[in-house]
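Chains as they are written, first to last, in the numbering used here: chain A, 13 to 367; chain B, 13 to 367.
One structure below.
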């Protein structure tokens, strides 16, 4: 298959929509799915025709390589509805390119741009009733790819399945988020897969996160695994630190995910005249800044969480509480970002794409 | 469920065995499966009744957490047939304990000993015709567990599936194995999941291994990710280095799998009077030993590969060829190990368990 027309999407209609069963005011993140899913298989060395069909379980062999060797990658995106009932994506090209970077690192085939982008547009257009208007209401979009080829030998699969599934969502976190700074466990190795949105990166964090949860903390800020002196990311969010009026965040690396929200926040902050520095942020300097009260804010940035202010952090069993400040960078930047996403402010960056 | 009797295994018989379709003399590793699989689900906080049923694909939700967050672990084991047609396992207790250590690290529920051990014995007993006699013939056993709970939120699943599948096998590698010593990519982080037999550890190696394959090397010997100066393991095998008449291997750590073949080789070598040292092995000392001809052997040790002699290694684009020696430690130790496994020599260690 080589031309776009080979990838024309077949649509198999559902009998009845499930939408009337959904209580959109009381929805938990990631548990409700829309009527359709997009499926596109890779076999015999090429991508097959994409199909949009009713969302449902599928059959897979017990020896499928995704179960044994973890060949699986994903993206997280959102669609937003504006006041005129138009539906918008936010920087989908960034997710597409990152998806294929993840694919390369995990020895999986790259998905053709037409399959990813036209697939997104077609399925979201079909499901536009599931995108509710109003700030905070979104349709969470989960493109992912898994190795479906069979065989218990540790080698890349020859068969893959690319899918897009959709889940209506409200905001991800509620309440004050307290974090632990990692001093033993780690998320990523030098020369590892930390920069890829690979499934295995997430389950690796569950146990240390559970230990943090048991002590009353919701998330971990990971540090470099060799020295545990450099602050990196929070696993589902990149992290920003405000000391006085300067905003610091770790540079992306092979250990850190190149977050779309991260780079958007940096661009917005710079436009607002905020001094943003992308450089290694040391645990010691953040602890010192907390002690001398120059540490004003810490916040996470990610698609699911958007911008998530951190209320306190713990490092080596000592808890540091952050001040509650008016008109924080976090709230200013979140406001500017969401207004662009919902088309309530002019998109001077050209980030939004209409469905 | 709390007593063993609650885990009594139900068996659903196949109509006809597939065994007569299998050409046991021309079998590739990991692609042929026996008639049955064992399935035991975890839900509502407890393990359900195990079932042995015909091997077949099963239905799973597109949002299953194994696809998105990589909660998946496995073990690799083998069954052997002796000259009296009895079938034996090799140190299955080691695999059981390691499986549950992996489960803890990946925030998955531990599998009850009765489910794992009686499950193994029952399914292998049922499939004993698939275990062929003769050195090199084995039944490869793959116990594994995956997160089958649905939902695209990065949290541990509440539902899991433990399975055992079986694949008749001959020896894993053929021909001389040449390896690359890693100087950029890495397998595991300090504080990471390298010591767990987690699915994500394997796919993370596929891309660097493909780069090595493209240069004519089959495997990579991983080094520590922080300095790339310490030799660790080969991803599907632990690694031994013989300098003069001393055998060196890296100590197990949170970055290195505690291999059953590794510890058996160490015990056998010690019994033979070989000086075995478990300590950090530096790249520099191996390169120096290769240059001054004191490096006599390198070999891998793992369940699938058993003992796999390394013919040459490459480090920073320079290739070092190992001498071909008579009566190598690798061949001596492989011979002693396999004779115990096939009941051709007395098992003074008590490693073998009859089905």
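C-beta: ideal position from N, C-alpha, C; glycine also.
Same chain only: Cβ atoms within 7 Å of residue i, ignoring 5 sequence neighbours per side
i                      : result
residue 188 of chain A : 323
residue 328 of chain A : 195
residue 251 of chain A : 233, 243, 245, 261, 310 and 312
residue 361 of chain A : 279
residue 352 of chain B : 359, 363 and 364
residue 30 of chain B  : 47
residue 315 of chain B : 88, 89, 90, 272 and 273
residue 108 of chain B : 125, 128 and 129
Alpha carbon of residue i to alpha carbon of residue j, nearest angstrom
i                      : j                      : result
residue 212 of chain A : residue 82 of chain A  : 6 Å
residue 72 of chain A  : residue 46 of chain B  : 17 Å
residue 13 of chain A  : residue 111 of chain A : Any reading at residue 13 of chain A must be qualified, since the residue scores a pLDDT of 46, below 50, and its modelled position is unreliable; no value is offered.
residue 281 of chain B : residue 113 of chain A : 45 Å
residue 55 of chain B  : residue 240 of chain A : 37 Å
residue 374 of chain A : residue 326 of chain A : As displayed, chain A neither begins before 13 nor continues past 367, which places residue 374 of chain A out of reach and without an answer.
residue 39 of chain A  : residue 148 of chain A : 12 Å
residue 23 of chain A  : residue 128 of chain A : 15 Å
residue 365 of chain B : residue 333 of chain B : 40 Å
residue 158 of chain B : residue 85 of chain B  : 7 Å
residue 335 of chain A : residue 293 of chain B : 49 Å
residue 141 of chain B : residue 225 of chain B : 36 Å
residue 201 of chain A : residue 119 of chain A : 18 Å
residue 145 of chain B : residue 151 of chain B : 10 Å
residue 18 of chain B  : residue 222 of chain A : 30 Å
residue 25 of chain B  : residue 66 of chain B  : 7 Å
residue 44 of chain B  : residue 163 of chain A : 8 Å
residue 268 of chain A : residue 236 of chain A : 10 Å
residue 210 of chain A : residue 175 of chain B : 24 Å
residue 350 of chain B : residue 74 of chain B  : 43 Å
Rounded Cβ spacing between residue i and residue j (contact assumed at less than 8 Å)
i                      : j                      : result
residue 103 of chain B : residue 208 of chain B : Incorrect: roughly 19 Å between the Cβ atoms, too far for contact.
residue 234 of chain B : residue 274 of chain B : Incorrect: roughly 14 Å between the Cβ atoms, too far for contact.
residue 248 of chain A : residue 166 of chain B : 5 Å
residue 218 of chain A : residue 307 of chain A : No, residue 218 of chain A and residue 307 of chain A are not in contact; Cβ-Cβ is about 29 Å, not under 8 Å.
residue 178 of chain B : residue 139 of chain B : 6 Å
Under 7 Å from the C-beta of residue i: neighbouring residues of chain A
i                      : result
residue 155 of chain B : Ordered by position in chain A, no residue passes the 7 Å Cβ test against residue 155 of chain B, which lies about 11 Å from the chain.
residue 268 of chain B : Going along chain A, no residue has its Cβ under 7 Å from residue 268 of chain B, so there is no contact; the nearest lies around 13 Å.
Within chain B, the residues that residue i reaches when beta carbons sit closer than 9 Å
i                      : result
residue 71 of chain A  : 68, 69, 70, 71 and 72
residue 43 of chain A  : 75, 162, 163, 164 and 165
residue 354 of chain A : By Cβ distance, chain B contributes nothing, its closest Cβ being about 22 Å from residue 354 of chain A, past 9 Å.
residue 205 of chain A : 212, 215, 216 and 219
residue 238 of chain A : 201, 202, 236, 237, 238 and 239
In DSSP terms, what residue i is bridged to
i                      : result
residue 175 of chain B : B:51 and B:156
residue 456 of chain A : For residue 456 of chain A there is no data in the structure shown, the boundaries of chain A being 13 and 367.
residue 89 of chain B  : B:153
residue 193 of chain B : B:233
residue 326 of chain B : B:192 and B:331
residue 162 of chain A : A:76
residue 30 of chain B  : Its beta-bridge partners do not exist; DSSP assigns none.
residue 100 of chain A : A:92 and A:366
residue 288 of chain B : B:259
heavy atom of the ligand PLP below 7 Å from residue i C-beta
i                      : result
residue 288 of chain B : This structure simply doesn't include the ligand PLP, nor any ligand for that matter.
Interface partners of residue i on chain B, CB under 8 Å
i                      : result
residue 248 of chain A : 166
residue 109 of chain A : Those within 8 Å of residue 109 of chain A in chain B number zero; the least Cβ separation is about 17 Å.
Nonlocal neighbours in the same chain, by C-beta distance under 6 Å from residue i, ignoring five residues either side
i                      : result
residue 204 of chain A : none
residue 171 of chain A : 55, 160 and 161
residue 173 of chain B : 53, 158 and 160
residue 321 of chain B : 311 and 342
residue 168 of chain A : 119
residue 60 of chain A  : 53
residue 340 of chain A : 309
Listed by chain order, chain A residues near residue i by CB distance under 9 Å
i                      : result
residue 116 of chain B : 219
residue 383 of chain B : Absent from the model: residue 383 of chain B. The displayed extent of chain B is 13 to 367, so no value can be given.
residue 49 of chain B  : 74
Listed by chain order, chain B residues near residue i by CB distance under 7 Å
i                      : result
residue 300 of chain A : In chain order: nothing, as chain B lies at least about 24 Å away.
residue 198 of chain A : 201, 202, 203 and 204
residue 179 of chain A : 164
residue 158 of chain A : 79
residue 323 of chain A : Residues of chain B passing the Cβ test: none, with the nearest at roughly 20 Å.
8 Å Cβ cut-off: residues of chain A touching residue i
i                     : result
residue 82 of chain B : 82, 84, 210, 211, 212, 213, 214, 215 and 216
Proximal residues to residue i (C-beta, below 8 Å), its chain only, five neighbours per side dropped
i                      : result
residue 256 of chain A : 306 and 308
residue 287 of chain B : 257, 258 and 259
residue 337 of chain A : 308 and 309
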